[in-house]
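Enquirer: Submitted below is the structure of interest, expressed as structure tokens.
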Amino acid sequence: MNTMYTTLIKDKLLELFETEQHNIRGNATPMVNRIRKHALTRFKTNGFPTTKKESWRFTDLTPLLNTEFAFDFRNQSKSTDIEKIFTCDVYDLDTYSHTLLNGWLIYKHAPLTRLADGTIVGSLAKAMEVYPDLVDRYLGKAAATEQHEMAALNTAFLQDGLFIFVPENTNVEKPVQLINIVNAEQPVFLQPRHLVIVGKNASITLVHCDHSLTHNISFTNTVLEVFAEEGARVEHYKMQNKGRNSALITHSFFHQKENSRVSSNIITLNGGFTKNIVEVTIDGTKCESDHYGLYLVDSNQHVDNQLNIDHRAPGSTSNQLYKGILDDEAKAVFSGKVMVRRHAQQTKAFQNNKNILLTDEAKANTQPHLEIYADDVKCSHGATVGQLDPNAMFYLRSRGLCERTARQMMMIAFAGEVVQKISIDALRARITNMVEKRLKGELSICEQCVLHCNSKEPTSFNIDLSKL
Amino acid sequence: MLSIKNLTVSIHGKQIIGGLNLEVKEGEVHAIMGPNGSGKSTLASVIAGRDMFDVDAGEITYMDQNIFDMAPETRAREGIFLGFQYPVEIPGVSIANFLRTAINEKRKYLGLEPMTGAEFLKMMEEKKKMVEIHSKLTNRSVNEGFSGGEKKKNEIFQMAMLEPRLAILDETDSGLDIDALKVVANGVNKLRRPDNATIIITHYQRLLDYIVPDFVHVLYDGRIIKSGDKKLALELESKGYDWVKKETKADTIP
Amino acid sequence: MADKNNQILEEVTGSDYKYGFYTDIEMDQAPPGLTEETIRFISAKKNEPQFMLDFRLRAFQHWQTLEEPKWAHVDYPPIKYQDLIYYSAPRKQPKYDSIDEVDPELLETFEKLGIPLDEQKMLAGVAVDAVMDSVSVGSTFKKTLAEHGVIFCSFSEALQKHPELIKKYMGTVVPHTDNFFAALNSAVFSDGSFAYIPKGVRCPLELSTYFRINAANTGQFERTLIVAEEGSYVSYMEGCTAPIRDENQLHAAIVEIIAHKNAEVKYSTVQNWWPGDKQGKGGVYNFVTKRGICEGENAKISWTQVETGSAITWKYPSLILKGDNTTGEFYSVAVTNNKQQADTGTKMIHLGKNTKSTIISKGISGGKSNNSYRGLVKTTRNAANARNFSQCDSLLLGDQCGAHTFPYLDVGNRSSIVEHEATTSKISEDQLFYCLQRGIDMEGAIGLIVNGYAKEVLSKLPMEFAVEAQKLLSISLEGSVG
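Here the protein sequences line up with chains A, B and C, keeping their order. So that you can map any letter, position 179 of the first sequence is 250 in the numbering used here, and since no number is skipped, the others follow by simple counting. So that you can map any letter, position 193 of the second sequence is 229 in the numbering used here, and since no number is skipped, the others follow by simple counting. So that you can map any letter, position 43 of the third sequence is 44 in the numbering used here, and since no number is skipped, the others follow by simple counting.
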């Protein structure tokens, strides 16, 4: 491991923090700037995570940092007409759509809108000006910058991202979609920050898509904080379809109060380097927390999913199910942790990670860990790494299916267990379709395009490259 | 032998048994019948000493002792046996080892020498024959992987081994086919002696074709609303519980 | 019932340590501290060949560059390595022609331990190599073993009589560079056992060694080496106890097993070192490196361990499945009580084709203890068709203890199948009540249920060990019973 790059970029970031101070601080509240400063001190001390750290043991950031990155601390994307370069038209998926271009929220009319039901959606940068009290009350309260170096870095430099506030007893009718697009001529280093506050007994569905539009090197380090107040319902979907040269680190911090229900679903279809960190704090009784993931990786992609669920209150249930299919020289890491604290009696926690390796060059590391300090609990976990069940394969073939079809059928069924958890019909249909194509080899090996431009299905992303 | 007076029991503040009275004398067989949720199993559990229930009022004496002063294992050693409705599985503990421990604990309590291995094996063979159990069952772990019928037969076998004074059989007939039912009933009949007593808790009259009770009680809403002899069971079978319910309602309205 | 349980656990954990007595034998000790001089002293004292001294010195040099590992889920005050005594032998030189010559007080110690140095045990077919504070004091059955060509003796004796075997195999499975404690042991180990089973021989006796830490402030650093030649079989039993002392005692042992083609080695441990008192004072730090290699094809090694003692256990009996079609097994019961801490498990490294491994681990925690399973299963690219199945269950006997499961699965080829399952639960109220209803009291019920829970592992132990292990489980959890 060469630490030179990390030192170089660390120094550069520390320097930028000083020289770009004015831009970075922007209109952030004094409280946010205090949090920022604190996070920077942490970053200064801890630096980038290294493979010496348990949770980064199999995921080495260093080679990714060996690039002369450009930073954009002033919003240069504001006026872009996003529809000219990218439209997501998942068939039948009716959403409140927002787009982040190179880390900045772009908008046609106003940076912040208030929906008919009172929900506020829009730019975090603007929210810090308009709703400073709300932002101050929540921002940084869930993102643990002590344990997560990259979250500390994000916090130090946070400027913009999606802000959502759902008032009490409000059910946001349509899903809110966030499309995170990276489109730059040079290597960029982006750190979007999202804040979602879901009031008592309110509910919301979030669909979060990550895309690259070019093959340029990019490094995205996002932090999402979600606060589910008493009785709140939050569904979070993350679709990752990034370019081979992109590095994506995402943090999702969920803070759950009594009776709240959170589900997350991370589907990684493509990406050069992806690390998803999901951190759940169950801070009230009778919560439910379900976390699903599917990763289909090939060539030399690397995907690392790290989940920590911290049961701090009694009587809650958590579920983890992550599944992956690894082809070529791909590498997948899963590290899950369930912590049940002394007072969190009557906790039920389940954790499962299943992997299928298609080649001898692919590699899977999985560490499902349980740390339990309460006795009246039901906790179990399991992990498997293997191949498609030869008995089932034989069964299918004995019914006349060719090996290729049988194999695809089995893989689709394997992935289906996660996809079926998606509750939005249109999105599930869409993702089912993409997963099937991906597993049939129609989606991935297309080196010319990071997206599936060869698709003629109505449910595809349309990109007009000439407009880029 | 057993005397229950004005027993009132609740769980989490919800009353299940309200003012129940019952007298059981040596040599008697009592059948307690009643619809689901009438408090039958609760009554059995309270007599055996399960502490998940709150006894709010009333008393139970067994052999002239206040039963609430006795730990569950003391009640067992004093001769109370509960045949569980859902016998729990205890993986890795063989029935033989389990029973030998139980018998020797009881003997110790009664001031007797522990049973030797040979004596124990001999007794096991005898009792197995008596309750028509095939030999392999006793080498297996307690109830682990047993079918419903095997679990119930195992309860009768344990009853035979422990030789209780008061046996309470909680829905021992549920889920049994007719052959298993006969095995269970024969076992109970063979174990019947002038100095012991049996309480049979059941849903159906069927079992009472094979074990003839001296008394039949109808338990409804936590109280015994009607008592009679074996004819009551037949009447219940043909007319259903609604008949007694109506009758009691008519009774209670002067 | 919860309160009742707690009360029972209180009583149970109040159980006295049965093996806490101290043998008053004059000691022949090295002065405290660890320097090159200490090592030369040990080596000279034992009249070792030059290669052994060189090995020790290399290990010592390496050890000085290392830091004590901190990754395990255990917590203890820093060990002052310079305050320890690294050599301690009974002064009377242990060269006996017959057992009668052994110090009667020492024999009495063994008697209390129930170490089978007598005729009865001979009928039971046990050969004993008793180790007290690192020096072997007596061996029986050498004749029977010699007839079969089996070498079973103390490590020191082997160094004198079979230096070529020691030189060939020592440090090949656990190199002195392996870890902090292995380096320390390699530098200062005082004695241990050596077993060599020649080609095609099925060892006629169960080999057995008892370890015991006696002197205050001594580290026990023994070293066991077992070599099973092609087509041979041996079952090896190791039992450990230590007397009660206020201070902590360090035990850093190494066990190396080499199984050649078609050979099979069964290694069973019943570990009952002094766990410290209820407040967590005293007790043995058990930091042990155990590793076997299935060198040739079809070889098989199995570890079975019942761990009830030690204040801290840091132990991962591991296997390297190098030959094709080799098999590795790990069966473990770890009981922690009071303030004991255990971080134990295994590593299964699959290198050969069609290699198989099975891991069954049962953790039982009571009192304020912490019990962690930590295990690695790794299959390399060449380990085609490797199979692993792991089942790691935890049982909690109170609401003050912790049970943790840290598996690491590392799979590097497509034809491997690696499966891990684990559950954590508390002792079932329904099971307890069922036992009570049959007249068995709470302590008896806990004992029965725990023994049943661990049965899958206990059944892998040789008969005479299984009985002892069951008793130990009961003692460590039940108190007065037994």
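Even glycine gets a Cβ: it sits at the ideal position worked out from N, Cα and C.
Strictly below 7 angstroms CB to CB, what residues from chain B border Phe-434/C?
Expert: To locate residue 434/C, count along the third sequence from 1; it is residue 433. Arg-86 and Pro-108, listed in chain order.
Enquirer: Helix, strand or coil: which one does DSSP assign to Leu-56/B?
Expert: Along the second sequence, read from residue 1 onward, the residue named residue 56/B stands at position 20. Note: Leu-56/B maps to strand in three-state DSSP.
Enquirer: If we define contact as Cβ-Cβ less than 8 angstroms, is Pro-120/A a contact residue for chain C?
Expert: Taking the first sequence and counting its residues from 1, the one referred to as residue 120/A is at position 49. So, not an interface residue.
Enquirer: By the 10 Å Cβ neighbour count, where 16 or more other Cβ atoms means buried, how is Lys-434/A classified, buried or exposed?
Expert: Translated into the one-based positions of the first sequence, residue 434/A becomes position 363. It counts as buried.
Enquirer: Mind checking whether His-382/A and Arg-412/A have CB atoms under 8 angstroms apart?
Expert: To locate residue 382/A, count along the first sequence from 1; it is residue 311. To locate residue 412/A, count along the first sequence from 1; it is residue 341. Their beta carbons are under 8 angstroms apart, which means His-382/A touches Arg-412/A by this criterion.
Enquirer: Mind checking which residues open and close the alpha helix (DSSP H) that includes Met-482/A?
Expert: As a first step, residue 482/A must be located in the first sequence, where it is residue number 411. Where Met-482/A is concerned, the enclosing alpha helix (DSSP H) stretches over 474-490.
Enquirer: For Leu-473/C, count neighbouring C-beta atoms within 10 Å of its own C-beta (all shown protein chains included) and say buried if the count is 16 or more, exposed if not.
Expert: Taking the third sequence and counting its residues from 1, the one referred to as residue 473/C is at position 472. With 16 or more Cβ atoms within 10 Å of its Cβ, Leu-473/C is classed as buried.
Enquirer: Could you tell me if Gln-65/C is buried or exposed, where buried requires 16 or more neighbouring beta carbons within 10 angstroms of its beta carbon?
Expert: As a first step, residue 65/C must be located in the third sequence, where it is residue number 64. Gln-65/C should be labelled exposed.
Enquirer: Below 7 angstroms CB to CB, which residues in the same chain sit around Tyr-76/A once its five sequence neighbours on both sides are set aside?
Expert: Here residue 76/A corresponds to residue number 5 of the first sequence, with the count starting at 1. Excluding residues within five positions, the ones whose Cβ falls inside 7 angstroms are Thr-133, Leu-136 and Asn-137.
Enquirer: In chain C, what lies closer than 9 angstroms to Thr-430/A by C-beta?
Expert: The residue labelled residue 430/A in the question sits at position 359 within the first sequence. Within 9 angstroms Cβ-Cβ: Asn-414 and Arg-415.
Enquirer: So Asn-339/C and Gly-277/C are supposed to be a Cβ contact under 8 angstroms. How far apart are they, rounded?
Expert: Counted from its first residue, the third sequence places residue 339/C at position 338. Counted from its first residue, the third sequence places residue 277/C at position 276. Contact flag correct, Cβ pair sits at about 7 angstroms.
Enquirer: Chain B partners of Ser-362/C, CB-CB under 9 angstroms?
Expert: Here residue 362/C corresponds to residue number 361 of the third sequence, with the count starting at 1. Within chain B, no residue comes near Ser-362/C; the closest Cβ sits about 15 angstroms away, beyond 9 angstroms.
Enquirer: Compare the beta carbon distance of Glu-296/C and His-261/C with 8 angstroms and say whether it is the shorter of the two.
Expert: As a first step, residue 296/C must be located in the third sequence, where it is residue number 295. As a first step, residue 261/C must be located in the third sequence, where it is residue number 260. Contact: yes.
Enquirer: Kindly indicate which residue of Glu-155/B, Pro-249/B and Phe-89/B has the alpha-carbon position closest to the one of Leu-270/B.
Expert: Here residue 270/B corresponds to residue number 234 of the second sequence, with the count starting at 1. Selected option, being the one with the closest Cα: Pro-249/B.
Enquirer: Could you tell me which chain C residues have their CB closer than 9 angstroms to the CB of Thr-345/A, listed as they occur along the chain?
Expert: Residue 345/A sits at position 274 when you count from the first residue of the first sequence. The premise fails here: Thr-345/A is roughly 19 angstroms from chain C at the closest Cβ pair, so nothing lies under 9 angstroms.
Enquirer: Looking at Tyr-374/C and Cys-393/C, is the spacing between their C-beta atoms short of 8 angstroms?
Expert: Taking the third sequence and counting its residues from 1, the one referred to as residue 393/C is at position 392. Taking the third sequence and counting its residues from 1, the one referred to as residue 374/C is at position 373. Contact: yes.
Enquirer: In chain order, what residues of the same chain have a beta carbon less than 6 angstroms from the beta carbon of Thr-424/C, not counting five sequence neighbours either side?
Expert: By one-based count along the third sequence, residue 424/C stands at place 423. If we look at Thr-424/C and ignore the five residues flanking it on each side, its Cβ neighbours are Asp-394.
Enquirer: Do you know how far the Cα of Phe-290/A is from the Cα of Phe-140/A?
Expert: In the first sequence, residue 140/A corresponds to position 69, counting from 1. In the first sequence, residue 290/A corresponds to position 219, counting from 1. Looking at the two C-alpha atoms, the distance is approximately 8 angstroms.
Enquirer: So for Tyr-209/A, helix, strand or coil by DSSP?
Expert: Position 138 of the first sequence, counting from 1, holds the residue named residue 209/A. Of the three classes helix, strand and coil, the one that applies to Tyr-209/A here is helix, per DSSP.
Enquirer: From the DSSP output, in three-state form, read off Lys-179/A for me.
Expert: Translated into positions along the first sequence, residue 179/A becomes position 108. Correct three-state label for Lys-179/A: coil.
Enquirer: Smallest Cα separation from Leu-208/C: which of Asn-386/C, Lys-47/C, Phe-52/C and Ser-155/C?
Expert: One-based indexing of the third sequence puts residue 208/C at position 207. Out of Asn-386/C, Lys-47/C, Phe-52/C and Ser-155/C, Ser-155/C has the C-alpha closest to the C-alpha of Leu-208/C.
Enquirer: Tell me Ala-203/B's beta-bridge partners as DSSP assigns them.
Expert: As a first step, residue 203/B must be located in the second sequence, where it is residue number 167. Beta-bridge pairing links Ala-203/B to Phe-117/B and Thr-234/B.
Enquirer: Kindly list the residues whose CB is nearer than 6 angstroms to the CB of Arg-96/A, restricted to its own chain and excluding five residues on each side of it in sequence; keep chain order.
Expert: Here the question's residue 96/A lines up with position 25 in the first sequence. Here the set comprises Asn-104.
Enquirer: Give the secondary structure of Thr-225/C by DSSP, where H, G and I count as helix, E and B as strand, and everything else as coil.
Expert: Counted from its first residue, the third sequence places residue 225/C at position 224. Strand, per DSSP.
Enquirer: For Ser-274/A, which residues of its own chain have a beta-carbon under 6 angstroms away from its beta-carbon, when the five flanking residues on both sides are left out?
Expert: Sequence index remark: in the first sequence, residue 274/A carries index 203 (1-based). Excluding positions up to five away in sequence, the list reads Asn-242 and Arg-304.
Enquirer: How about the segment 41-53 of chain B and the segment 73-92 of chain B: do they share at least three Cβ pairs that are nearer than 8 angstroms?
Expert: Contact holds: three or more Cβ-Cβ distances are below 8 angstroms.
Enquirer: CB-CB under 8 angstroms to Lys-144/B, same chain, minus the five flanking residues each way: which ones, in chain order?
Expert: In the second sequence, residue 144/B corresponds to position 108, counting from 1. The residues are Pro-150.
Enquirer: With a floor of 4 residues, list each alpha helix (DSSP H) that falls wholly inside the segment 220-302 of chain A, ordered by position along the chain.
Expert: Correct list: 220-228.
Enquirer: What residues from chain A crowd round Ile-259/C, counting only those whose CB sits closer than 8 angstroms?
Expert: Position 258 of the third sequence, counted from the first residue, corresponds to residue 259/C. Within 8 angstroms Cβ-Cβ: nothing; Ile-259/C doesn't reach chain A, min ~29 angstroms.
Enquirer: By the criterion of Cβ-Cβ separation under 8 angstroms, what are the contact partners of Tyr-317/C in chain B?
Expert: Position 316 of the third sequence holds residue 317/C. The contacting residues do not exist; Tyr-317/C stays about 25 angstroms from chain B at best.
Enquirer: Scan the segment 449-467 of chain A for residues whose Cβ lies nearer than 9 angstroms to a Cβ of chain C and list them as they occur along the chain.
Expert: Those would be Lys-449, Cys-450, Ser-451, His-452, Gly-453, Ala-454, Thr-455, Val-456, Gly-457 and Gln-458, in chain order.
Enquirer: Let's test the definition: count the other Cβ atoms within 10 Å of the Cβ of Pro-32/C and tell me whether it reaches 16, buried, or not, exposed.
Expert: By one-based count along the third sequence, residue 32/C stands at place 31. Exposed.
Enquirer: Which residues does DSSP pair with Arg-203/C in a beta bridge?
Expert: Numbered from 1 along the third sequence, position 202 holds the residue referred to as residue 203/C. Its beta-bridge partners are Tyr-234/C.
Enquirer: Count the other CB atoms within 10 Å of the CB of Ala-84/B; is the residue buried (16 or more) or exposed (fewer)?
Expert: Walking along the second sequence from the start, residue 84/B turns up at place 48. Ala-84/B is buried by the Cβ-count criterion.
Enquirer: Is it true that the CB of Ala-335/C sits closer than 8 angstroms to the CB of Glu-308/C?
Expert: Numbered from 1 along the third sequence, position 307 holds the residue referred to as residue 308/C. Numbered from 1 along the third sequence, position 334 holds the residue referred to as residue 335/C. A contact, by the Cβ cut-off of 8 angstroms.
Enquirer: Which first and last residues belong to the beta strand (DSSP E) in which Thr-455/A is found?
Expert: As a working note, residue 455/A is residue 384 in the first sequence. Unbroken beta strand (DSSP E) run through Thr-455/A: 449-457.
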